[in-house]
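In order, the protein sequences belong to chains A and B.
Heads up: the first sequence runs through residues 1 to 697, numbered per the numbering used here.
Heads up: the second sequence runs through residues 1 to 697, numbered per the numbering used here.
Take a look at the structure below.
There are 2 protein chains.
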Amino acid sequence: MTKQFLLFLLFISSLAFADDGSRLWLNYVLIKEAKQREGYGPFTKFIAVSSEGQTLKIASNELQMGLQGLLGKKITIVKTATASGGIVLSVNKSADVSEEGYKIYTEKGNIVISSNTETGVLYGTFELLRAMQTGKSLANISITENPKVKIRMLNHWDNANGTVERGYAGSSMWKWNELPYRIDPRYVMYARANASIGINATSINNVNASSRFLTAEYLEKIKAVADVLRPYGIKVFISVNFRSPRTLGGLKTSDPLDPEVRKWWNDKTKEIHQYIPDFGGYLVKANSEGEPGPQDYGRTHADGANMLAEAMRPFSGIVIWRAFVYNADPNGDRFKEGYAQFKPLDGAFDPKVIVQVKNGPIDFMPREPFHPMFGAFPKTPLGMEFQITQEYLGQSTHLTYLAPMFKECLDTDTYAKGQGSTVAKVIDGSLYNASNSLMAGVANTGSDDNWCGHPFNQSNWYAFGRLAWDHTLSSEQIASEWIQMTLTRSKPAEQKINDIMMRSHPIYVSYTYPLGTAHMMGESHHYGPEPWLAKSARPDWTSVYYHRADSVGLGFDRTGKLSNALQLYSPEVQKKWGNPDQCPLDYLLWFHHVPWGKKLSTGRSLWDELCVRYYDGVVQVGNLQKTWESTKTAIDPEIFENVKGRLKIQEKEALWWRDACVLYFGEYSKMPIPKPLTPPQRTLNEVKKLVEIYHLR
Amino acid sequence: MTKQFLLFLLFISSLAFADDGSRLWLNYVLIKEAKQREGYGPFTKFIAVSSEGQTLKIASNELQMGLQGLLGKKITIVKTATASGGIVLSVNKSADVSEEGYKIYTEKGNIVISSNTETGVLYGTFELLRAMQTGKSLANISITENPKVKIRMLNHWDNANGTVERGYAGSSMWKWNELPYRIDPRYVMYARANASIGINATSINNVNASSRFLTAEYLEKIKAVADVLRPYGIKVFISVNFRSPRTLGGLKTSDPLDPEVRKWWNDKTKEIHQYIPDFGGYLVKANSEGEPGPQDYGRTHADGANMLAEAMRPFSGIVIWRAFVYNADPNGDRFKEGYAQFKPLDGAFDPKVIVQVKNGPIDFMPREPFHPMFGAFPKTPLGMEFQITQEYLGQSTHLTYLAPMFKECLDTDTYAKGQGSTVAKVIDGSLYNASNSLMAGVANTGSDDNWCGHPFNQSNWYAFGRLAWDHTLSSEQIASEWIQMTLTRSKPAEQKINDIMMRSHPIYVSYTYPLGTAHMMGESHHYGPEPWLAKSARPDWTSVYYHRADSVGLGFDRTGKLSNALQLYSPEVQKKWGNPDQCPLDYLLWFHHVPWGKKLSTGRSLWDELCVRYYDGVVQVGNLQKTWESTKTAIDPEIFENVKGRLKIQEKEALWWRDACVLYFGEYSKMPIPKPLTPPQRTLNEVKKLVEIYHLR
């Protein structure tokens, strides 16, 4: 190495030292402990890959790049293992793993990553890298992995104009104006990140869909994206606008039973496959929030979905039909809408259709009971729709680790086929032997350097992928992996950050939606508190529709008097949540209108408990800050300051939520803030004025 | 250096090698030629800076960082120069440069950068670095520089919700949700980049302004930004909504003559100064495109501006009032509106007011005649408003270097006080001895890694700043600087790229708006061609309003019959443009309705000339691609591919413009595409269908 080159390196390294987060959990920084690096030496003498397949080439290159980073040495790639001590990537038809599953084991002194498919080998490669990133020993490594869910998918709510609906990390990562001729290198990083956690599908546009994505002009662009993602095992889906036969085809109707409409979709589907032969399929939001759909023509969701399924019949793709539907009825209960519209259709859907259901019956609230559709559809594969982007969960300024929330839903027992009929078993298809299975997450990716805005938001993308692969993983383990791969390998720091992450969701719920309250956020932008919101374009877009505060008490009675929503669940679930004296406090106000003075299991009245939780949430954010401060020496300085600044904002806004809610509800309870808590330093009107700012154009 | 550290460096360098463009023209890569580096050795032995001022510290750190990059060695910073061969940064009250001017000269064997102010020294520091970045010798260096314009400003059209009006590089760079507690490191890079080209002011929000920027909540955020920018010599301005006294103050009126309204603005202005003591001032878009203004109360622009000026009287700040106003009148001529509304007010404005005028009378068209207000306002300082963001100039997909367009306007003679009364002399205040002067550019910055989307869009930010400092610089010189600082120091490549840049604007005009046509772009998004647009919310938002194509000919007659707009100019200018036989072809259809068959100075009929120019524009884009291809070895691979891809899109879209326009105008001219040109391969309806795609939601 010449001195000149060395100086050059020194300079470049000084520029590159601050971690901008762009490499996500694949940053592959050098393992500091020489001993640990040396421990990997005997297993990393070469990489052997016999086939010329594109995906295997990607796997071997990823391994080479990862090892160069982690161990600081360049490992040679060879065609055949002629010695021991290397890593062998091998596609072998073997009956004991699924198509995408893989095994990692030791044979003849080599570590073998084996799968039926190249994609499985790629997944195993990332697993091996993860083992080293998290300090695992490779001696006698023996891993067998099969994904529990078949379609592990991101849903992008990205618009054609470059904005992202509910996106908090810059603009869309898809540069439609540049495609198909310019391929942003970020598409490759995106593919690597997804493959590393087993995500194998992506819908690239908003479910509030523009027809333009079905034009030849745009199919050419989508093809260019699909070509980048394909070797990483990722299939592309398109969200479609149900009115497209009219908008694009010039037809007079989009009635799914109209022969011309059916022909239009058949032709369009064939056309798409000329661009993307392995097209994943359609994702459809129909007759929901103003979107067109089959009901516009007196047809059912099944009529609509089956028409698209018919168009897809010659191909491998499928149709994902969303169950997020609700009509504006001031006397109804939005909680019941999806169930009511879809339950009669169980059994009516084409086998190519999966119905995609949000985790809860309302809309991604920080804590919702599981959607009553789960368990209630023995003849229809139901897919899970989680929201990774934090529309109601702090957007890009609050640290909220979502794995515990995802797990809480997945692990809940529906009792649909007796005890143990968890939501997870509905989703992975095992409860009703479904032919297909799906877990989708609404993506939190954007054009920001670090992809997700808040550095910790990356962990929710990571956790979603890991849980879609294996919903039995624990939240702690997933957090531990992500921290070590992304932030620090210092054990004490890792434990502190793990603790921050595990506490973060309960804390967020505490200062925003304690005791089972819901939907009290700022109108339209969904930022900050607005529990007093009483007028909107629809009654079920207000806050008062949900919290039902009055002089008597707080909460939505869903036990039969006002709404019988609880009856949609199994008797066992009804029993668990139906009695206000026994209902877990976290779910209490979802199902019961509880008097302000009623004594809860904590020994406090509802009002006092509400105040205590709001106040404690704020205090806990202070504690998160202190814990974060104690990790300083173990964290990249830029990321440390970034998170520190955001935690300070979180504290300010937690106080904002607390004051807004206790002052507002206090007008109904007529009770004082319980001692020793100090009443807010501002009036309700002052808080309302603050909230108004965010409605000014 | 330990081996371990060396390995680490190697890895980091491999990651950092691809240039993501984030460092703009301050990338300071090592000078490859050892001889050149050695040539700088005798002048770079130390950096001496005696004062502790924050700006001087920034200057010395920038110099140290720059030299480390360029020369690959760390230069020590000392307090006093005790030897020769170093660089001395020195604040000295000296009469022969202006407050922000500087001198660089050799004294006692040292290079001295001297100014009356720390900011001047910082500017000189960047000049010295630029000298090295562009390969100049430092022996006997002797430079004296004074800015020609006092306020050199960026106008951000950034909205509070994170979008950017007419932004094509991601979302807003201002992270309002993170401020004031998180300071994005990009704010510092932004400050450095601006200081390096002498920009000393920035308005941080859209002129279609939200009142929220005047709330205490937001002033705290803006203060945090101002605190970052201040040591770089940059003052912060706020765009204000004229209705704020009503919206925020709860008053019943915003009438500028109402005492309560005046008091509200006085108080608000005082409040702002508590956050930002050196607040730059207000930027106002009033009674324009639906924005509120003094005319809502029967008052004049001067009434409105003077009210704000009064509020600003105790402070150093000013009021910038935009002249971009026009009423919807199907029988009028938008060309005359700004002049008509403002001319009677010349002399009526408070000395603290500058009227900011767009370069042309319509709206940032690719080529416009200079605005007739320039030269016509002896008693009012007029500021220039250029648009750096390429709303009508290819957005982020066409390579269009704007310095020649800026210069074309600045260098045009208004003849207001006889020959030599150029627009530039109006702007720099010299023509009428104005007390203040302003050049503003609507920013093209966004959250994208490389700030501006298209890598070459950076050059327009750079060129704007350089011309605001010194409008006598040539476009070629500015391009040469930018290329060497940003892309390559290879002389042959620099010359080729300079050629690409210098040809780019004429080529863009050729395939979009040849011969003085204007305003024929896609409705609202302003992307692609839509010359057939005949209906809109306002007549002056259509295309037909501007091109006036009919069976006789093409162009807007502004010589007196239909509109007398030409009479707003000096007699000499009228003479130059008033005769269709002598009017330069580039401006012809701005002023004349020319018969399709009329023979032009080129020897061709109008129709043939129009076709030839459209066709030639497309051919020339092909030539740009070939030239770019020949620079491959001298360019960072990622940037090379990026530009290559975009040029391919540009060619496709140039063809789109060409076909749209010749097919559409052909319906009026009834003439064939002249030989040897080949008629378009598609029909007008096909092109219209293509354009419709961009109107689909």
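Where a beta carbon is used, it is the ideal one built from N, C-alpha and C, also for glycine.
Query	Result
Buried or exposed, going by whether 16 or more other CB atoms sit within 10 Å of the CB of Ala-537(A)?	exposed
Excluding the 5 residues preceding and the 5 following Gly-66(B) in the sequence, name in chain order all residues of the same chain whose CB lies nearer than 7 angstroms to its CB.	Tyr-28 and Leu-129
Could you have a look at Trp-321(B) and say whether DSSP puts it in helix, strand or coil?	strand
Taking 8 angstroms as the CB-CB limit, is Ser-171(A) close to chain B?	yes
Going by DSSP in three states, Gly-338(A) sits in which element: helix, strand or coil?	helix
Quick one: residues in its chain with C-beta nearer than 7 angstroms to the C-beta of Leu-9(A), no 5 flanking neighbours on either side, listed in chain order?	For Leu-9(A), the predicted model reports a pLDDT of 46, less than 50, meaning its position is unreliable; a value from the coordinates is still stated below. If we look at Leu-9(A) and ignore the five residues flanking it on each side, it has no Cβ neighbours.
Tyr-181(B) touches chain A at which residues, Cβ-Cβ below 7 angstroms?	Gly-645, Lys-648 and Ile-649
Between the stretch 197-205 of chain B and the stretch 660-676 of chain A, do at least 3 Cβ pairs fall closer than 8 angstroms?	no
Helix or strand or just coil, what does DSSP make of Asn-194(B)?	helix
Using the C-alpha atoms, what's the distance from Trp-176(A) back to Asp-255(A)?	30 angstroms
Please tell me whether Leu-71(A) and Thr-44(A) are closer than 8 angstroms, where the distance is taken between their beta carbons.	yes
Taking DSSP as the reference, what is the three-state secondary structure of Asp-478(A)?	According to the sequence provided, residue 478(A) is Ile. The question's Asp does not apply to it. Correct three-state label for Ile-478(A): helix.
For Leu-248(A), is the classification buried or exposed, using 16 other Cβ atoms within 10 angstroms of its Cβ as the cut-off for buried?	buried
Quick one: grab the DSSP three-state call for Gln-582(B).	coil
Note down, in chain order, every chain A residue with its Cβ under 7 angstroms from the Cβ of Thr-163(B).	Thr-163
If you run the structure through DSSP and keep just helix, strand and coil, what is Ile-12(B)?	The pLDDT assigned to Ile-12(B) is 45, lower than 50, so where the model puts this residue is not dependable; a value taken from the coordinates is nonetheless given after this. Residue state, collapsed to three classes: helix.
Establish whether the CB of Asn-642(A) and some CB of chain B are separated by less than 8 angstroms.	yes
Can you tell which of Gln-356(B), Arg-166(B), Pro-180(B) and Phe-364(B) has its C-alpha closest to the C-alpha of Arg-383(B)?	Note that residue 383(B) is Gly in the sequence shown here, rather than Arg. Gly-383(B) has its Cα closest to that of Gln-356(B), out of Gln-356(B), Arg-166(B), Pro-180(B) and Phe-364(B).
Check Phe-665(B) in the structure and name its three-state DSSP category.	helix
Where are the alpha helix (DSSP H) runs, 4 residues long or more, that stay fully inside the stretch 112-144 of chain B, in chain order?	118-133
Can you pull out the residues from the stretch 391-403 of chain A whose beta carbon lies closer than 8 angstroms to at least one beta carbon of chain B?	Gln-395, Ser-396 and Thr-397
Are Leu-588(A) and Val-618(A) touching if we call contact CB-CB under 8 angstroms?	no
Once the 5 residues before and after Ala-634(A) are set aside, which same chain residues still bring their CB inside 6 angstroms of it?	Thr-488, Ser-490 and Ala-493
Run through chain B and tell me which residues come within less than 9 angstroms of Asn-685(A), C-beta to C-beta.	Neighbours of Asn-685(A) on chain B: none; closest Cβ ~12 angstroms, over 9 angstroms.
Rounded C-beta distance between Ile-649(A) and Arg-182(B)? I'm assuming under 8 angstroms.	7 angstroms
Ordered along the chain, which non-local residues of its own chain (more than five positions away) have a Cβ less than 6 angstroms from that of Ser-114(B)?	Ser-90, Asn-92 and Lys-103
Between the Cα of Gly-290(B) and the Cα atoms of Val-261(B), Trp-577(B), Phe-242(B) and Ala-302(B), which residue gives the shortest distance?	Phe-242(B)
So the beta strand (DSSP E) Thr-202(A) belongs to, where does it begin and stop?	201-203
So the alpha helix (DSSP H) Glu-38(A) belongs to, where does it begin and stop?	34-40
Going by C-alpha to C-alpha distance, which of Asn-498(B), Ser-524(B) and Pro-531(B) sits closest to Pro-514(B)?	Pro-531(B)
Name the residue from Arg-646(B), Asn-498(B), Asn-642(B) and Gln-458(B) whose alpha carbon lies nearest to the alpha carbon of Pro-185(A).	Asn-642(B)
With a cut-off of 8 angstroms on the beta carbons, I'd call Ser-396(B) and Asn-436(B) a contact; round off their distance for me.	Actually they do not touch by this definition, with Cβ atoms about 34 angstroms apart.
Where does Asn-155(A) fall in DSSP's three states?	strand
Leaving out five residues on either side along the sequence, give the residues of the same chain with a beta carbon under 6 angstroms from the beta carbon of Ile-87(A).	Ile-47 and Ile-111
In chain order, which continuous runs of the beta strand (DSSP E) of length 3 or greater are located wholly inside the stretch 346-420 of chain B?	353-358 and 382-387
Using the Cα positions of Thr-512(B) and Tyr-546(B), report the straight-line distance between them to the nearest angstrom.	14 angstroms
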